[in-house]
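I have placed the structure first, in the form of structure tokens, so that the comments after it can refer back to it.
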Amino acid sequence: MEFDFDMVSVVRILLASILGGLIGLEREVHGRPAGFRTHLLVSLGSCLFALASIHFYKLYGNFSGTVPVGVDPSRIAAQVVTGIGFLGAGAIIREKASIRGLTTAACLWVAAAIGIACGVGMYATSTVVTMLALVSLLLLKKVENKLSRDTYSSVKVWSADMEGQMGRIEKLLADCQVQVMNVSIEKDMESRDIFLEFEVKYSARELACNLVNVIVATSGVKKVRLD
Numbered sequence: 005m006e007f008d009f010d011m012v013s014v015v016r017i018l019l020a021s022i023l024g025g026l027i028g029l030e031r032e033v034h035g036r037p038a039g040f041r042t043h044l045l046v047s048l049g050s051c052l053f054a055l056a057s058i059h060f061y062k063l064y065g066n067f068s069g070t071v072p073v074g075v076d077p078s079r080i081a082a083q084v085v086t087g088i089g090f091l092g093a094g095a096i097i098r099e100k101a102s103i104r105g106l107t108t109a110a111c112l113w114v115a116a117a118i119g120i121a122c123g124v125g126m127y128a129t130s131t132v133v134t135m136l137a138l139v140s141l142l143l144l145k146k147v148e149n150k151l152s153r154d155t156y157s158s159v160k161v162w163s164a165d166m167e168g169q170m171g172r173i174e175k176l177l178a179d180c181q182v183q184v185m186n187v188s189i190e191k192d193m194e195s196r197d198i199f200l201e202f203e204v205k206y207s208a209r210e211l212a213c214n215l216v217n218v219i220v221a222t223s224g225v226k227k228v229r230l231d
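For the sequence shown, counting from 1, position 157 maps to 161 in our numbering; every step adds exactly one.
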């Protein structure tokens with residue numbers, strides 16, 4: 005068995021590890037479960053898959069004899085893109101009305117792409133993509149925080165069954181610059197209480213009052229929860 009030391013492959017693997025690790029470092033600093041090591045390994049593994057694809061093509065990709073035998077070097081890389089979806093799905097967490105981990109999932113996807121690019125020798129391109137990814141993660145986050153974005157929440161109210169109660173609460177929400185998107189109501193025949201759920205939309209920067217405190221001070225209201 006002949007040991008073939010390929011310096012070009014080593015350089016590609018090292019570059020993929022460094023670039024993937026840089027993106028993972030940003031995620032690690034922000035306390036995300038998929039951090040430095042995960043991104044480094046994703047990029048490293050993707051690079052190796054790309055190198056293996058090229059190696060297979062060199063060995064078996066030629067046409068010889070009367071029967072054509074060909075190897076498509078893009079097949080393994082395509083499967084990497086599919087497989088990385090499982091890691092990305094694992095990074096996404098849903099907590100009630102909010103979803104976390106989408107950015108981390110996207111970072112894993114980009115890390116895989118960077119690894120493949122390094123594996124096929126696209127050094128400059130993979131480096132530029134890494135820099136752009138870091139800029140989007142570090143700088144554009146500050147821009148996002150300054151934007152006025154709509155927030156969607158669910159306001160749940162437990163109250164005594166009083167005439168016009170739903171209208172009073174809707175007016176309070178309107179006074180707080182909250183737009184009601186949908187309303188549902190349930191009534192307990194034994195306790196004579198009602199349960200109101202308001203699907204609302206508001207801008208966090210324009211919210212003029214504390215919703216919970218304002219609603220709970222209303223006559224007849226027993227409990228309020230904002231999800």
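Beta carbons are placed, not taken as given, at the ideal position from N, Cα and C, and that holds for glycine.
With DSSP as the reference, label residue i as helix, strand or coil.
i	result
M170	helix
V71	Caution is warranted here: a pLDDT of 46 is assigned to V71, below 50, making its placement in the model unreliable, and the coordinate value is therefore given only provisionally. Of the three classes helix, strand and coil, the one that applies to V71 here is coil, per DSSP.
L176	helix
R196	coil
A164	strand
V225	strand
R16	helix
R294	Missing from the structure shown is residue 294; the chain here goes from 5 to 231 and no further.
Distance, Cα to Cα, residue i vs residue j?
i	j	result
T107	K145	11 Å
G224	L230	18 Å
Q181	C122	51 Å
V124	R16	8 Å
I22	G39	13 Å
G105	L112	11 Å
A93	V228	33 Å
I88	M135	21 Å
I118	D192	58 Å
S57	P37	30 Å
T131	D76	26 Å
V161	F199	6 Å
H59	V114	23 Å
K175	L141	40 Å
S47	R79	17 Å
G28	M126	20 Å
L44	M11	20 Å
A54	A116	10 Å
V204	M185	5 Å
Which word fits residue i, buried or exposed, when buried means at least 16 other C-beta atoms lie within 10 angstroms of its C-beta?
i	result
Q169	buried
L18	exposed
F90	exposed
A95	buried
S195	exposed
G232	Only positions 5 to 231 of the chain appear in this structure, which leaves residue 232 out of reach.
Y156	exposed
T70	Below a pLDDT of 50, predicted positions are generally treated as unreliable, and T70, at 48, falls in that range; no measurement from the model is reported.
Can you tell me which residues form a DSSP beta bridge with residue i?
i	result
N186	E203
L230	V159
D154	S207
K146	None, per the DSSP bridge assignment.
Q) Taking one C-beta from the segment 79-90 and one from the segment 134-149 each time, how about it: are there three or more such pairs within less than 8 Å? A) Taking a cut-off of 8 Å on C-beta distances, the segment 79-90 does not touch the segment 134-149, as fewer than three cross pairs fall below it.
Q: Specify whether the segment 30-37 and the segment 51-64 touch according to this definition: at least 3 beta carbon pairs, one from each stretch, less than 8 Å apart.
A: No: the two stretches stay apart, fewer than three of their Cβ pairs being nearer than 8 Å.
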